[in-house]
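Undergrad: Below you will find the structure I want to go over with you.
There are 2 protein chains.
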Amino acid sequence: MQPNLSKRLYKLIKTQNGVISAYESAAKEQQNVAGQLSLWGEETGDESISDISDKLGVLLSEMAEVEDNYASSLESSRQVLKHIRNTESSVHPTRENKTKITDQIAHLKHKDPTSVKIMTLEQELVRAEAENLVAEAQLTNITRQKLKEAYMQQVNAIIERSEKQQILAKYSRRLLDLLDDTPVVPGAEKPAYDNERAAKEVLIDAEEELGRWEPSQEPYAAPSRLESNLLPSVGNGSVMENESIQNGGHNLSGDGDERGRKSETNASSRSAAHSYDPKVLETAS
Amino acid sequence: MQPNLSKRLYKLIKTQNGVISAYESAAKEQQNVAGQLSLWGEETGDESISDISDKLGVLLSEMAEVEDNYASSLESSRQVLKHIRNTESSVHPTRENKTKITDQIAHLKHKDPTSVKIMTLEQELVRAEAENLVAEAQLTNITRQKLKEAYMQQVNAIIERSEKQQILAKYSRRLLDLLDDTPVVPGAEKPAYDNERAAKEVLIDAEEELGRWEPSQEPYAAPSRLESNLLPSVGNGSVMENESIQNGGHNLSGDGDERGRKSETNASSRSAAHSYDPKVLETAS
């Protein structure tokens, strides 16, 4: 339980932004290269170079677009990680509050062991521990699901980029094969270029295959939807009755979990759980 | 035949450098993210998050390495394009020289039609035209072969990156599947994490499959090796005898080419061609 937990993730999210910017920049520069290749080819005055480089420019430009879409998917994934970071930030005060009251009790017990304030503080501590217990469960739930969701998104994005660029690479190769690079002797007339139709066909086939592409992987689906309070819908009704909550977490048992995971259809009376919902946590949902 | 031909390619090569820098930067930032993910996971205090994020960091780091190797391959391809640019630069003066002499003759014919200098200039023009004819053939040969080589390299690099990252993506998915994200209720003890062994197995399998990877595509091979003078080995012996060269290119026929492409084994006496090799072109080889 490190105080700098949300800082760690804050940093990761920031660095990830750098990754995304780099891909956006790669895509943009690649688009420029595609255009420049086409222009250069035209100016060589070599009909075959001109046609092939123009069409290769089209395929390179498509690859740049795939790269840009990849950057967008990484950005969506980054947004998902922010949910974890926000929850981490909101859980922190509940940890500090617990520690603060515990310290106050210890201080008072040493200074004035008979003070009536001790009992008040101990009641406060039970409430603070209950609040923190809810917050920790919310954090666990959001962290596991959002981590999985964020990186499943990245994995799917990598697969999409790879599959689409492999299609484009295959047709680029077919296009380059149409360029006759048998060396010529000085003064000899170059054989006429007659692959224009075949080259056009390559582009049409590439577009068509790319258009047919569909994701082979399912997007991430959470095993059980979290309620807006970040707890499983099933557990909400029983939070109040949970013995460990009533004891401020001193008596942790597996019972609550067992119960919680059995009856997933029971989403009754969420009001009880809501009374425990600390304000700080609502900002995270 | 544009004077700014080599400038066009110069620009493309420069932009391509921007593409490469972007990928290098993406790889570097991705390495940082991988490390930060592992550190963050450890600090969550959640055993399953800690283990999965640590191992996911390893796979993300491998992906970053693949990305960095991709950048290196793009750099090799960029170096190949420089051959074309250098040859373009060296061909340009032979074009200008031809134009200059042609202009001088026209000027003199107008100013002093009986000047003996005209005949000298016309002999000079024949030599300049022959020089240019050789240079243009060299440029055609280098341009076609190097363009093909450069982009075949890129295409193979894209395929390598895609295939390797697909392997890593597949195992990343398998790793994420080991993270139980069933929501927990407050105060309930989390079920013990017992996927450490399985997660380790994922990394081992990923390394193994990545290690087995081999390119499915052949690297580019020129159809016929160019000599260091950038002409086909077959044509060198016949450059002097080529009628169109002797006429300074005024009488272009397809004969030289036909001859040149038939007997690829004949690589005799290159000296004749070398006598035509302009100094400017040697810098390009």
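Protein sequence lines correspond, in order, to chains A and B. Residues 27 to 311 (the numbering used here) make up the first sequence, in order. Residues 27 to 311 (the numbering used here) make up the second sequence, in order. Glycine is no exception: its CB is placed at the ideal position from the N, C-alpha and C atoms. No experiment lies behind these values; they were computed from the predicted model shown.
1. Between B/Asn221 and A/Thr41, how many whole angstroms is the CB-CB distance? I'm expecting something under 8 Å.
2. If you run the structure through DSSP and keep just helix, strand and coil, what is B/Ala38?
3. Quick one: grab the DSSP three-state call for B/Pro249.
4. Return the residue from the list A/Ser32, A/Gly83, A/Gln130 and A/Val45 that minimises the CA-CA distance to A/Arg199.
5. Quick check: the Cα distance between B/Ala156 and B/Ile127, rounded to an integer number of angstroms?
6. Do the segment 173-185 of chain B and the segment 207-217 of chain B make contact, defined as three or more Cβ pairs closer than 8 Å?
7. Which stretch, first to last residue, makes up the alpha helix (DSSP H) that contains B/Asn123?
8. Run down chain A in chain order and give the residues with a C-beta less than 9 Å from the C-beta of B/Ser198.
9. Give me the residue from B/Lys81, B/Lys172 and B/Gly71 with the minimum Cα distance to B/Leu35.
10. Any contact of the segment 53-69 of chain B with the segment 160-169 of chain B, i.e. 3+ C-beta pairs under 8 Å?
11. Counting only C-beta atoms, is B/Leu229 closer than 7 Å to chain A at any point?
12. Would you call the CB atoms of A/Ala176 and A/Leu107 closer than 7 Å?
13. Is there a Cβ from chain B that is less than 7 Å from the Cβ of A/Asn158?
14. For the ligand SAM, is there any heavy atom lying closer than 6 Å to the beta carbon of A/Ala154?
15. Does the distance from the CB of B/Lys93 to the CB of B/Ser32 come in under 7 Å?
16. How far does the alpha helix (DSSP H) with B/Val181 in it reach, from first residue to last?
17. Could you confirm whether any beta carbon from chain B is found closer than 7 Å to the beta carbon of A/Ala132?
18. At which residues does the alpha helix (DSSP H) containing A/Val228 begin and terminate?
19. Which word fits B/Gly67, buried or exposed, when buried means at least 16 other C-beta atoms lie within 10 angstroms of its C-beta?
20. Of the residues that make up the segment 66-86 of chain A, which ones have a beta carbon closer than 8 Å to any beta carbon in chain B?
21. From the DSSP output, which residues share a beta bridge with A/Pro258?
22. Helix or strand or just coil, what does DSSP make of B/Thr140?
23. So with CB distances below 9 Å, who are the chain B contacts of A/Arg238?
24. Using the Cα positions of B/Ser98 and B/Gln179, report the straight-line distance between them to the nearest angstrom.
25. Do the CB positions of A/Asn123 and A/Ala90 come within less than 7 Å of each other?
26. Would you mind giving the Cβ-Cβ distance between B/Leu229 and B/Ser74, rounded to the nearest angstrom? I have them listed as a contact below 8 Å.
27. Assign A/Thr208 to one of three DSSP states: helix, strand, or coil.
TA: This is what the structure gives:
1. So it is not a contact: roughly 27 Å between Cβ atoms.
2. Contrary to the premise, residue 38 of chain B reads as Leu rather than Ala in this sequence. Here B/Leu38 sits in helix by DSSP.
3. coil
4. A/Gly83
5. 13 Å
6. no
7. Glu73 to Lys137
8. Tyr177, Met178, Gln180, Val181 and Ile184
9. B/Lys172
10. no
11. no
12. yes
13. no
14. Only the bare structure without any ligand can be found here, which leaves the ligand SAM out of the picture.
15. First, the residue type needs correcting, since residue 93 of chain B is Glu and not Lys in the sequence shown. No; because the gap between Cβ atoms is not below 7 Å, this pair is not in contact.
16. Lys143 to Asp203
17. no
18. Glu222 to Arg238
19. buried
20. Trp66, Glu69, Thr70, Gly71, Asp72, Ser74, Ile75, Ile78, Ser79 and Leu82
21. A/Leu252
22. coil
23. In chain order: nothing, as chain B lies at least about 18 Å away.
24. 11 Å
25. no
26. About 16 Å separates the two Cβ atoms, so there is no contact after all.
27. coil
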